[in-house]
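These protein sequence lines map, in sequence, to chains B and G. The first sequence begins at 510 in our numbering and counts up by one. The second sequence begins at 83 in our numbering and counts up by one. Even for Gly, the Cβ is constructed at its ideal location relative to N, Cα and C. None of these values were measured; they are calculated from a predicted model. What follows is a set of notes on a single structure, which appears directly below.
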Amino acid sequence: MATRIGVDIGGTFTDLVYYDEETGRTVEGKVPTVPSSPDEGVVDAVRRCVPKEVIERAEFFLHGTTVGLNALLERRGAKVGLITTAGFRDVLEIRRGDRAEMYNLFWKQPEPLVPRHLRLEVDERIRADGGVHRPLDEASVRTAVAALMAEGVDSIAVCLINAYANPAHEERVAAIVRDLGFAGSMSLSHRISGEYREYERTSTTVIDAFVRARMSGYLKRLDARLRELGFRGTSLITRSGSGSMTFGEAEDRPFETIMSGPVAGAQGASEIARMLDIEAMVTADVGGTSFDTALILGGEPQILYEGVIDNMPIQTPWVDVRSIGSGGGSIAHIDVGGLMRVGPRSAGAAPGPACYGKGGTEPAMTDAAAFLGMLGPGRLASGITLDIGRAETAIAPVAAAIGQNVEATAIGILRIAASSMANAMREVSVEQGLDPRRMVLLPFGGAGPLMATLLADELGMTRIVVPPLAGNFSAWGLLGADMVQSAARTKIMDLDDAGLAAAGDVLADLFREVAARGDHAVPETVRSGRLDLRYKGQEHWLSIDVPVAGDRFALTAAEIGAAFAEEYRRSFDAVLPGVVEIVSIRASERAPLPRRGEIAAATAAPAGAEEAFDAYSFTGKARLRFRVVPRAAIGEVLDGPAIVTESTATLYLDAGWTASAGRHGELVLQRRGA
Amino acid sequence: MSGFDPVTFEIIQNALEAVTDEMFAAQRKTSMSAIIYEVLDLGSGICDAEGEIAASGAGIPAFVGVLDKAVKRILDKHPAATIRPGDLFATNDPYWGGVTHLNDMILALPVFSDGRIVAWTANIAHWNDVGGNVPGSMSSEATEIFQEGVRVPAVKLFAAGVANEAVFDILMVNSRLPDFLRGDLWAGIAGVRIGERRILELIDKYGAACFTAALEDFMRLGERHALAGVARLPNGRYAFAEEQDDGAVYRVTVEITDDSFVVDLTDNPPQKGSSNSSREGSEISAQLAFKAVADADAPGNGGFYRPLKVLTRPGTVFHVEAPGAMGYYSEVEIRLFDLILRCLAAHIPDIVPAGNFASICGTVIGGPHPDTGRHYTIVEPQLGGWGAMKGRDGNPAIFSGFHGETYNCPAEVAEARYGLTVDELALTVAEGGDGRWRGGKGISVRYRVRADDNFLSVGYTRTRVPPWGVAGGGDGTPNFVEVLRPGKPAERYAFGTNIPLNRDDVIHLVTGVGGGYGDPRERDPLAVRRDLRDGYITPEHAEAVYGLR
C-alpha cells in the first residue's frame, strides 16, 4: 500500500491524485496545463496539491502524458535522417499503397516524416533467413552519414531490410555513425521492433527517432524538478499497451509511450468494472480538448498489437481507445457551407472558455453549458466563477450567423458535440456488433459528468456509473499501473517439438533483453509469453497466451496446438486440417506495484446549503427548476433534474434520471422507467 | 413502417456495416493466398431478400458491386421456394452471375427467419488458380471461356447444411494449387457463416419485421443521397472517345438530368480475345464513376444506384456474349471507369483530378520455391501515380481506383514466403505529369528470380496512351514491364502469358506518373526547388519545363 502520486496531463488541465499510506486517504487536485512547458504544470500541481512530507515518503510517481504524441501530431520533433538498404529509399512514401477512402478520388495521402533528400541508401543486403546476401559496404555508410551530418539532422534512424532476422549490419552502421562523431540520438529498427514488414518497422523506427529527443529532455527535466521537491521514489510513465515503465526505460523506448495518453483512463475503468462486476462498459472521457472512448469487456481493456497514429503504422501493443477532437473547450464556429460546427479547435487552458473570464472571446462548449445553466450557479470548485454575460457575448455572433437566438444556439452546440461523441462510442460498440444499450456508461474527465445523461440518451443507454474522483479519474487510474516491459520477434517455424524448442530459445533471449532494459531493481516479477500462430500458408495470426515456467514455455507443442485450434474455432467457427506455424514470439514481464486501498475519497463540495437553479433540460425541452446538490450529500435516491457538484467536475442530471450512491463511492444513474 | 424508431434503424444499419467488416476480416484472416489476405482481392456484403446490396465491407469497391448481381442470378436459377435453410451457393461463371472472371469465386448464403429468406450474406475472392490453359488461369491469349478454368454455374455447395462433396472434389482436381484453393474456399465459408450468425442475432433482438424495415429505410437513404448528388451536377449530354493501346477506340456518352445519370456504351468495338467485360461488369464501372462524382461518402447500397442507367450492346467489349473469354475483364472495366471520368472532366472543370496510371497492372509470378521446391504463385496488382488536382500534387504510389483498402506485399514478406529477392521497391523518377501541380510518381520494382523454371504473366494497359493531364498540365507516363536476363537486351511487355524465367532473371515493373494540372511555368518556385532537392526532377528539366533559373 505504498504512497504514490499520479499526474495526468490533458490538453486543458493537468490532473493529480495521490494516495497517502499513512492516512489511507486519496486526494485530488487540478491545475491548468501549460502547453508550452507541460512539465511546469506537473511540478506546479505537485507543489500546490501534495504536502512536502507526502512527496518525501512517496515511493512512486506515475505519469501520463501526450508530450510524445503531440510532438508527432504537430510535427514538432527532431530533424530525422534515415539510412536504409539500397533500393528501398522510398519505403516511407510508398507505404502499402492503400487508399483510406476508397470512393474518394481527392483523398490525400499523408506526408512522410522524413523527406526524400534525408532518406539515404547504403549498399548491403541480409536475406530473410538472416544470411548475408551482400556484405555491408562501409564506404557507402560513411558517405550517407556524412551527408546527413552536413544536413544537420538531430537524429538518425536505421532500418535495413530483414534486420529483424539478423541485426549485424544495423549494429555496424551504428558503430560507424558514432565513429564519425555524430552526437545526436539514434534509433535502430531491430531494437525497436523484432517483427517483419519493412514499412511498418521503418515507420515505427522513424517515429521513435522523431520524438526521442523531445521525450528524453522532458523526462529528464521533470525528474530533476521532482527530486528538487524532495521526491526520492521511482518515476514511472504509462505505456501504450497498458502498465508503466520507468522514465529511464521510456527515454530508451519513447515510441512505447506514444499512444499512452488515454490509457490511464481505460486502466482505471477496468479496475472499476472488476470492482463492480460490470461485464460490458463504454467509457466517455470528456476533457477540455479531446474525447476518448474505450470498450471494457470482462474487466479488461482491448489490446491490439499494431497501431496507427495519424495514418502512420506503429508496431507496438496498444490499448484500443478512440479519440476525437471534442471537449469542453471546443469552439463553435460557422463552416464554409454556413453550418455550425463544434471543434476540433479548443480554447485550451489559456485563454479558456469566455465564461472563465481569462480573456477568451470565442464560444466554447463550456460557454454554451454555462449559459444553459448546466454548470449550476457558477462557482466552480476550481475557484473559477462563471461569467454568464461573457458566455452570451461570445455565442451571440455565431447565433446571428445561423439566424437563431443565443438559447437555441447554445442548445445546438451541446447537441452537435454530444452527437459526435456518441458516434465515436458507436464505433467501439455498435460497430463491433455490440449494443451499447445493454452496456454501462462510465463518464469521467472534467466534462464527462456534464455530458453523461446527454450521451446516454443519444445511445439509448439506461445505466451510468459516475466513478469517484470523476474529474481526475485518469490520474486515479495511473495509481494502479504495474510496471511492464515487453518484446517480440518474428521467427517463422512449424509448431512442433523442434520449433517450440527454438521458440523457447527466442523467448529466453527476449526475457534477457527485457531484463537488460530495466533500470530498476524489482523483487518479484510475473513473466508471461505469447505465441502468434497461424495455419501454414496463412498470413494473419492469432496471439495465444502460453504459460511460462522460468524462461521457457510450459506447454508441449501438442497442447499449444490444441489451444490454438480452440481459439481459432472461437474466432472463425472452423478448424483447418493444416500444419500450425509459429510467426512471432512475445515476452512480457510485469512488476506489480504494491496494492493500494479503496478509494476513500475526501471530496469537499464547495456549496453549503442546497439551492435551486433554472437550467435547460434536454429531455424536457425547456428550462426547468434544477436542484443543486453536493455529491457528498446524495444518499438514497436523488431525482433529476439536478446539478450535482463536486470538487473537480459538475454532474448534469437531466429530468428523467435518478442518482444514488453506490458502495464504493460511485454514483449510479438510472433512467426512470428503464 | 410505423412503430419502428429511427434510432433502432440507425443501430441496425450501423450493425450491418459492422457485420460485413467482420465477414471481411474473418475471410481475410483465414485465407491461404496472399492475394486475399494481403492484397485483399475480396469483397463481402449483405443483400436483402431480393438480392439488392444493403451493406458492404472494406476491400475492393469493384468487387462489392458483384454480389447483388450474383445473388439475383442465383435467385433466377433457384427460385426462392426451392431454397432451404443451410443451402450455400457458389458461382464463378460470368455467364451464371459471376460477373468478373473464373478466378473470382462468389459464395452466397440465404439467411432464414421463420422459414423465409430475410437476407443474403455473400463474398467474393480471387483464387490463384482454377485450372485452364495457363498457371494462374488468366491468359491474354484465351478466346473462349473454356480455356480459362473450371466453371461453377451457380450451384449448391451445401444443400440443407450438407456439403456437396462432388463440387469440392471437382474444384480440387481442377486447380494447380489445390491446398490453397481448399483453404481459400473454407475462408469464404467462414465469412458468410459469421455474417449469418450476426444477422440472426440482430433479428433475435429486434425482430425480422423491424430488420426488413431497417433495410428498406437504408435503401431510401442511399437513394436520397444519390438524387441530391445528381441534382448538384450540371445537366447535359457529354460525349468522349479515346484511343486505346491497341488502336481501338472506346466511346461513351453520359447524359445527366435532374434525377438520372445515363451511361451509353452502345457504340463500342466487338468483343475480342480475353479483354472483355460482362454487361454486369460494365455496370460496376459506371457505378464506381457515378459514386465518385455524385457522393463519395454516402452508403453505396442498391438504393444509391437507382438513378443510374447503363446502356450496352451485346457482342461488344462491354457486353460479352458466350462463349467469349474474359480473363482480363478487369483491364476493360478500369478503362471504362477512367473513360467515364475523363469524359466528365472534359466537360465539367475540377469534377475529378487529372488521369492516373489507371490499370490493375495484374502481375502473376510463379514456379518452384528455390529452397523448398514447393510451387508458389504471386498474383498482385501494382501501385502507381495519381493525377494532380487544383491546389495539390497527385498522390505517389497508391492503388488504382478499383482498389481501396488494399495493401501491397512487403518485400520482407515476399522474400520470406516466395524466395524471390526484391532488389528494389522505389518511386520512379520518370519525367512527365508536369504542371502547376504535378502528377504523383509511379513505382519501380525489381524481383530477382532465384530458381529455374519460374514464369511471369502480366496484363497492363495505359502502356502507350499515357495518363491525361488537365487544364494545360502535361500527360503522365505509361506503365510497362521488362524482363532483364543476364547479358541479353531488355524485353518489354504490356500483356504476356507464361513468359519463362530462370535463376537471376529480373522482372522490372514500372508504373506511370499521373497527369499534371495547369501550366508548369506557374508552379511555385519553392515547390520546384523542393522537387529538385528530393531528386524527383533534374536541373535541366527544372529549367526547361518549369523555367527555374
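Expected contact under 8 Å - CB spacing of Gln95 (chain G) and Phe322 (chain G) to nearest Å: Not a contact, Cβ separation roughly 37 Å.
Taking the alpha carbon of Gly384 (chain G) as the point to measure from, which residue in G:Val547, G:Arg631, G:Val146 and G:Leu124 has its own alpha carbon closest? G:Val146
Continuous beta strand (DSSP E) assignments of at least 3 residues falling wholly in the segment 969–998 of chain B: 972–975
Quick check on Thr1128 (chain B): does DSSP put it in helix, strand or coil? coil
Pick out whichever of G:Gly127, G:Gly355, G:Leu170 and G:Ala97 has its Cα sitting closest to the Cα of Met105 (chain G). G:Gly127
What is the C-beta distance between Leu697 (chain B) and Met658 (chain B), in whole angstroms, given that I count them as a contact (C-beta under 8 Å)? Their Cβ separation, rounded to whole angstroms, is 18 Å, which puts Leu697 (chain B) and Met658 (chain B) out of contact at 8 Å.
Please check if any C-beta of chain B sits within less than 8 Å of the C-beta of Gly483 (chain G). yes
At a CB-CB cut-off below 7 Å, which residues of chain G make contact with Met883 (chain B)? What Met883 (chain B) touches in chain G: nothing, since even the nearest Cβ is about 23 Å away.
7 Å Cβ shell around Glu573 (chain G) - same chain, five flanking residues per side excluded: Glu564 and Val565
Rounded straight-line distance, which links the Cα of Ile206 (chain G) to that of Asp186 (chain G): 6 Å
Which residues in the same chain as Pro548 (chain G) place their Cβ atom closer than 6 Å to its Cβ, once the five residues preceding and following it in sequence are excluded? Asp557, Gly558, Thr559 and Pro560
Name the residues in the segment 1049–1073 of chain B whose C-beta lies less than 9 Å from a C-beta of chain G; which are they? His1049, Trp1050 and Leu1051
Apply the 10 Å Cβ neighbour rule to Glu413 (chain G) and answer buried if 16 or more other Cβ atoms are within range, or exposed otherwise. buried
Between Ala479 (chain G) and chain B, is there a C-beta pair that is closer than 8 Å? yes
For Tyr529 (chain G), three-class secondary structure by DSSP: strand
Of all the CB atoms in chain B, is at least one closer than 8 Å to the CB of Asn96 (chain G)? yes
Through-space distance from His429 (chain G) to Thr335 (chain G), alpha-carbon basis: 12 Å
Residues of the segment 196–214 of chain G with a CB closer than 7 Å to any CB of chain B: list them in chain order, please. none
The beta strand (DSSP E) that contains Asp794 (chain B), what's its start and end? Ala789 to Val795
Report the residues of the segment 353–385 of chain G with a CB closer than 8 Å to any CB of chain B, ordered along the chain. Leu370, Lys373, Ala374, Ala378, Asp379 and Gly382
Can you tell me which of G:Pro143, G:Ile447, G:Ala152 and G:Pro602 puts its alpha carbon nearest to the alpha carbon of Glu134 (chain G)? G:Ala152
Could you check the C-alpha separation between Ala1111 (chain B) and Cys558 (chain B) for me, to the nearest Å? Unreliable placement is indicated for Ala1111 (chain B), whose pLDDT of 45 sits below 50; the coordinate value is still reported in the next sentence. Rounded to the nearest angstrom, the two C-alpha atoms are 13 Å apart.
Chain-ordered neighbours of Ser126 (chain G) on chain B, where CB pairs are closer than 7 Å: What Ser126 (chain G) touches in chain B: nothing, since even the nearest Cβ is about 14 Å away.
Would Asn174 (chain G) be called buried (16 or more neighbouring beta carbons within 10 Å of its own) or exposed? buried
Would you identify the three-state DSSP class for Ala323 (chain G), choosing helix, strand or coil? strand
Which listed residue (B:Leu895, B:Ala909, B:Gly808 and B:Asn820) has its alpha carbon closest to that of Glu487 (chain G): B:Asn820
Per DSSP, what kind of secondary structure is Ala229 (chain G) in: helix, strand or coil? Note that residue 229 (chain G) is Gln in the sequence shown, not Ala. Residue state, collapsed to three classes: helix.
Using beta carbons (cut-off 8 Å, strictly below), is Leu813 (chain B) in contact with chain G? no
Can you give the Cα-Cα distance for Ser113 (chain G) and Lys1045 (chain B), rounded to whole angstroms? 11 Å
Selection from B:Tyr1161, B:Asp944, B:Thr999 and B:Glu630 that minimises the alpha carbon distance to Gly957 (chain B): B:Tyr1161
Alpha helix (DSSP H) segments (min. 4 residues) lying fully within the segment 233–316 of chain G: 247–256, 260–288 and 290–314
For Ala1116 (chain B), the three-state DSSP class (helix, strand or coil): Only weak support exists for where Ala1116 (chain B) lies, its pLDDT of 48 falling under 50; the coordinates are left without a value.
Would you kindly report the start and end of the unbroken beta strand (DSSP E) that includes Cys443 (chain G)? Looking at the DSSP string, Cys443 (chain G) is not in any beta strand (DSSP E), and its letter there is neither H nor E.
Is there contact here, the segment 701–709 of chain B with the segment 743–757 of chain B, by at least three beta-carbon pairs under 8 Å? no
Any chain B beta carbon closer than 8 Å to Val305 (chain G): With the sequence shown as reference, residue 305 (chain G) is identified as Glu, and Val is not the correct amino acid for it. No, no contact with chain B.
What is the DSSP secondary structure of Ser545 (chain B), reduced to helix, strand or coil? coil
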